[in-house]
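Participant: The listed protein sequences derive, respectively, from chains A and B.
Take any residue in the first sequence, count from 1 to its spot, add 97: that is its number in my numbering.
Take any residue in the second sequence, count from 1 to its spot, add 1: that is its number in my numbering.
Each residue gets a CB set at the ideal place from its N, CA and C atoms; glycine is no exception.
Keep in mind that this is a model prediction, so the values were computed, not measured.
Structure below; questions to follow.
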Amino acid sequence: MDSAGSNRYTDQELIDQLRQSGTDKRRSEEQLFNRFVYFIREGMTKHALSEDESFNAYSDTILAALDNINKEHFEARASIKTYLYQIFHNKCVDLLRKRTTNKNTVHRAETISDRLMQLSDSARSIVQTLIDKADWNRLREKLNALEEMCRQILLFWGDNYSDKEIASFLQYKTADVVKTSRLRCLERLRKLYKTE
Amino acid sequence: MDNLDYIENYFTNTPGTDLTREFEERIKSDPGFAEEVAFYLAAQEVSKEASGLEKKQRFKETYQKNRVVRSVPIKKLIYYIATAAVVSGLIFGTYTFLRPVSPQQLAVQYEKEQLQSLPVTMSGHSDSLQTGLRLYNDEKFSEALAQFENILRSDSSVFTAKKYAGISALRLKEYDRALSYFEEMATRQGLYSNPAQILQAVTLMERNKPGDAAKAKQLLQDIVSNDLEGKEYAEKWLKKW
């Protein structure tokens with residue numbers, strides 16, 4: 098997967114590929130990463146970040162952009178390069194600020210709030226309180242302790258793949274079988290999380 | 002599980018007024034149900050986060066693979082390099098074409114370029130896989146192999162542990178052991194990236210028993226025709242074979 102290869106595509110072609118499903122989508126994610134990988138060096142020279150910090154800022158940039166492209170929040174009013182550079186620049190500044198103030202930003206609420214907004218204020222506040230009380234580290238740890246196939250299914254689900262796509266990746270017969278397995282895995286995760 | 006299905010239907014479909022009312026009433030009146038809703042959302046978030054970490058790891062591997070090429074200063078040196086490349090290319094090319102390279106040399110070269118060190122997560126998070134990777138990068142291949150095999154004993158399906166166990170065995174020149182891991186990896190479907198075949202080819206090329214070169218060549222041809230991981234190496238090597 099070379100960066101040169103990804104330069105052959107126009108912005109729109111790359112976006113279309115990123116919005117399609119299956120293995121080609123994952124390949125396109127890597128192409129997007131390779132295409133502007135030189136930002137890492139810019140993070141090092143312009144913002145005086147270490148290579149690891151700049152790599153983190155750049156890969157977080159790609160992850161944020163992928164999320165926005167998938168949710169169709171990216172409207173292509175600017176080129177992908179300009180769009181990515183803006184996110185990357187902000188992430189570098191965030192890192193520098195964090196370095197000087199030692200403050201961590203919590204990004205978690207953003208995704209959950211999309212879902213929570215479906216609920217009325219009173220119901221939302223109950224669920225929000227419970228989410229705030231959740232032991233995130235324990236949940237992460239228990240997710241990693243699941244058997245590999247379960248973990249994979251949940252990771253694909255977390256990455257917004259449909260059950261149909263998961264079925265083709267993991268060679269399940271149908272999307273319905275994936276859904277049943279996925280809910281069983283979630284139930285197993287819940288039990289692990291609840292039991293000491 | 003019924004509740005989780007019900008919760009998922011609420012969040013993924015557009016619920017009607019009745020369902021919305023019923024769903025919200027349950028949240029307010031049934032603390033256990035409200036907790037399940039919170040768990041569902043938190044689990045999805047943690048899964049998303051874990052998936053993002055895996056992607057970052059993949060990006061890291063790609064980045065490290067191409068890093069040497071990228072670290073060369075480009076703009077100022079490009080003309081000097083181009084000139085030097087033409088001249089040295091003519092000399093070196095003639096020399097290279099006249100001098101055959103053995104599959105064993107190619108395999109050793111691959112090891113130097115790709116397997117010298119393995120990517121360790123930068124989060125500082127310590128787990129058994131990361132410990133194995135650190136041991137490997139400190140060239141403590143026996144200890145690293147033991148660590149990866151330890152992980153596999155508790156869960157034989159951990160793909161990355163299998164891959165790293167195979168690579169550690171290869172570095173220890175325990176070719177049969179390495180091949181058994183890479184062969185198991187090759188049976189794993191549905192992965193975005195699976196270097197099983199290129200690693201099998203490299204192991205066979207390095208072991209160099211009678212028949213190994215032919216098997217390795219077949220694997221390389223499969224890699225090229227199926228556009229698998231390691232295609233650039235396979236194409237390059239097949240030209241020299």
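Starting from A:Trp287, find everything on chain B with Cβ-Cβ shorter than 7 Å and list it in chain order.
Facilitator: As a first step, residue 287 of chain A must be located in the first sequence, where it is residue number 190. Inspection of the sequence shows that residue 287 of chain A is occupied by Arg rather than by Trp. Chain B residues near A:Arg287: Phe40.
Participant: Between the C-alpha atoms of B:Asp128 and B:Gly17, what's the straight-line distance to the nearest angstrom?
Facilitator: Indexing the second sequence from 1 puts residue 128 of chain B at position 127. Indexing the second sequence from 1 puts residue 17 of chain B at position 16. Each residue's Cα considered, the two are about 46 Å apart.
Participant: Against chain B, does A:Ser156 count as a neighbour if the rule is that its beta carbon must be under 8 Å from one of theirs?
Facilitator: Counting from one through the first sequence, the residue named residue 156 of chain A turns up at place 59. Judged by the 8 Å Cβ criterion, A:Ser156 is in contact with chain B.
Participant: Three or more C-beta pairs under 8 Å: does that hold for the region 160 to 174 of chain B against the region 139 to 152 of chain B?
Facilitator: Yes, they touch.
Participant: Just to check my reading of the structure: B:Ser194 and A:Asp256 have Cβ atoms closer than 8 Å, yes? What is that Cβ distance to the nearest angstrom?
Facilitator: As a working note, residue 194 of chain B is residue 193 in the second sequence. As a working note, residue 256 of chain A is residue 159 in the first sequence. Not confirmed; about 15 Å, so no contact.
Participant: What residues from chain B crowd round A:Leu216, counting only those whose CB sits closer than 7 Å?
Facilitator: Position 119 of the first sequence, counted from the first residue, corresponds to residue 216 of chain A. Neighbours of A:Leu216 on chain B, chain order: Glu25.
Participant: With a threshold of 8 Å between beta-carbons, can A:Gln268 be considered close to chain B, or not?
Facilitator: Within the first sequence, numbered from 1, the residue matching residue 268 of chain A stands at position 171. Chain B contact via Cβ: present.
Participant: Given a cut-off of 8 Å on the beta-carbon distance, is the pair B:Val203 and B:Ala108 in contact?
Facilitator: For the purposes of this step, residue 203 of chain B is taken as the residue at position 202 of the second sequence. For the purposes of this step, residue 108 of chain B is taken as the residue at position 107 of the second sequence. Taking 8 Å as the Cβ cut-off, B:Val203 and B:Ala108 qualify as a contacting pair.
Participant: Alpha helix (DSSP H) containing A:Thr218: first to last residue?
Facilitator: For the purposes of this step, residue 218 of chain A is taken as residue 121 along the first sequence, with counting starting at 1. Correcting the residue type first, residue 218 of chain A is Asp in the shown sequence and not Thr. Note, A:Asp218: alpha helix (DSSP H), 218 to 230.
Participant: Mapping DSSP to helix, strand and coil, what is B:Asn10?
Facilitator: For the purposes of this step, residue 10 of chain B is taken as the residue at position 9 of the second sequence. B:Asn10 falls in the helix class under three-state DSSP.
Participant: Keeping to the same chain, check which residues put their C-beta closer than 7 Å to that of B:Trp238; ignore five residues upstream and five downstream.
Facilitator: On the second sequence, position 237 is the one that residue 238 of chain B refers to. Leu107, Leu221, listed in sequence order.
Participant: In three-state terms, what does DSSP make of B:Met206?
Facilitator: The residue you call residue 206 of chain B lines up with position 205 of the second sequence. Three-state result, B:Met206: helix.
Participant: With 8 Å set as the bound, which would you pick, yes or no: does the beta-carbon of B:Asp223 sit closer than that to a beta-carbon of chain D?
Facilitator: Looking at the structure shown, chain D is missing, and the protein chains on hand are A and B.
Participant: Under DSSP, the alpha helix (DSSP H) around B:Ala215 begins and ends at which residues?
Facilitator: The count along the second sequence starts at 1 and reaches residue 215 of chain B at position 214. 213 to 226 is the span of the alpha helix (DSSP H), which, as asked, contains B:Ala215.
Participant: If we call anything under 8 Å between Cβ atoms a contact, is A:Ile166 one with A:Ile228?
Facilitator: Here residue 166 of chain A refers to the residue found at position 69 when the first sequence is read from its first residue. Here residue 228 of chain A refers to the residue found at position 131 when the first sequence is read from its first residue. Contact: no.
Participant: I need the DSSP call for A:Trp233, collapsed to helix, strand or coil.
Facilitator: Taking the first residue of the first sequence as position 1, residue 233 of chain A is located at position 136. Here A:Trp233 sits in helix by DSSP.
Participant: Check the Cβ of A:Asp39 against every Cβ in chain B and list those closer than 7 Å, keeping chain order.
Facilitator: Residue coverage of chain A in this structure runs from 98 to 293, which leaves residue 39 of chain A outside it and unanswerable.
Participant: Can you name, in chain order, every residue of its own chain whose Cβ lies under 8 Å from the Cβ of A:Lys115, other than the five neighbours on each side?
Facilitator: Mapped onto the first sequence, residue 115 of chain A falls at position 18. Per the sequence presented here, residue 115 of chain A reads as Leu, with Lys not at that position. Excluding sequence neighbours, A:Leu115 sits near Lys122, Ser125, Glu126, Leu129, Leu163, Ile166, Asn167.
Participant: Count the other CB atoms within 10 Å of the CB of B:Gly231; is the residue buried (16 or more) or exposed (fewer)?
Facilitator: Working through the second sequence from its first residue, we reach residue 231 of chain B at position 230. When all chains shown are included, B:Gly231 counts as buried.
Participant: Tell me which residue opens and which closes the alpha helix (DSSP H) that A:Leu163 is part of.
Facilitator: Translated into the one-based positions of the first sequence, residue 163 of chain A becomes position 66. Taken as a continuous stretch (DSSP letters only), the alpha helix (DSSP H) holding A:Leu163 covers 148 to 167.
Participant: Against chain A, which members of the region 139 to 161 of chain B pass a CB distance test of less than 8 Å?
Facilitator: Answer set for the region 139 to 161 of chain B: Asp156, Ser158, Val159, Phe160.
Participant: Can you tell me which of the three DSSP states B:Val38 falls into?
Facilitator: Taking the second sequence and counting its residues from 1, the one referred to as residue 38 of chain B is at position 37. If DSSP states are grouped into helix, strand and coil, B:Val38 belongs with the helices.
Participant: Once the 5 residues before and after A:Ile184 are set aside, which same chain residues still bring their CB inside 7 Å of it?
Facilitator: Sequence index remark: in the first sequence, residue 184 of chain A carries index 87 (1-based). For A:Ile184, where only same-chain residues beyond five positions count, the Cβ hits under 7 Å are Thr158, Ala161, Ala162.
Participant: In chain B, which residues lie less than 9 Å from A:Asn167 when you measure between Cβ atoms?
Facilitator: Here residue 167 of chain A refers to the residue found at position 70 when the first sequence is read from its first residue. Under the 9 Å cutoff, chain B gives no residues; its nearest Cβ is about 11 Å from A:Asn167.
Participant: I want to verify the contact list: residues of chain A whose CB lies under 9 Å from the CB of B:Thr63, in sequence order.
Facilitator: Numbered from 1 along the second sequence, position 62 holds the residue referred to as residue 63 of chain B. Result: Met98, Glu127, Phe130, Asn131, Val134.
Participant: Run the CB neighbour count on B:Lys61, radius 10 Å, all protein chains shown included, and call it buried at 16 or more, exposed below.
Facilitator: Counting from 1 along the second sequence, the entry for residue 61 of chain B is found at position 60. So B:Lys61 ends up on the buried side.
Participant: Taking 8 Å as the threshold (beta carbon to beta carbon), is A:Ser278 in contact with chain B?
Facilitator: In the first sequence, the residue the question calls residue 278 of chain A occupies position 181. Chain B, which has no Cβ nearer than 8 Å to the Cβ of A:Ser278, makes this no.
Participant: Just to make sure I have the definition right: I need the residues of chain A whose C-beta is within less than 7 Å of the C-beta of B:Ile28. Which are they?
Facilitator: For the purposes of this step, residue 28 of chain B is taken as residue 27 along the second sequence, with counting starting at 1. Under the 7 Å cutoff, chain A gives Ala220, Ile223, Val224.
Participant: What residues from chain A crowd round B:Glu36, counting only those whose CB sits closer than 7 Å?
Facilitator: Sequence index remark: in the second sequence, residue 36 of chain B carries index 35 (1-based). Within 7 Å Cβ-Cβ: Leu227.
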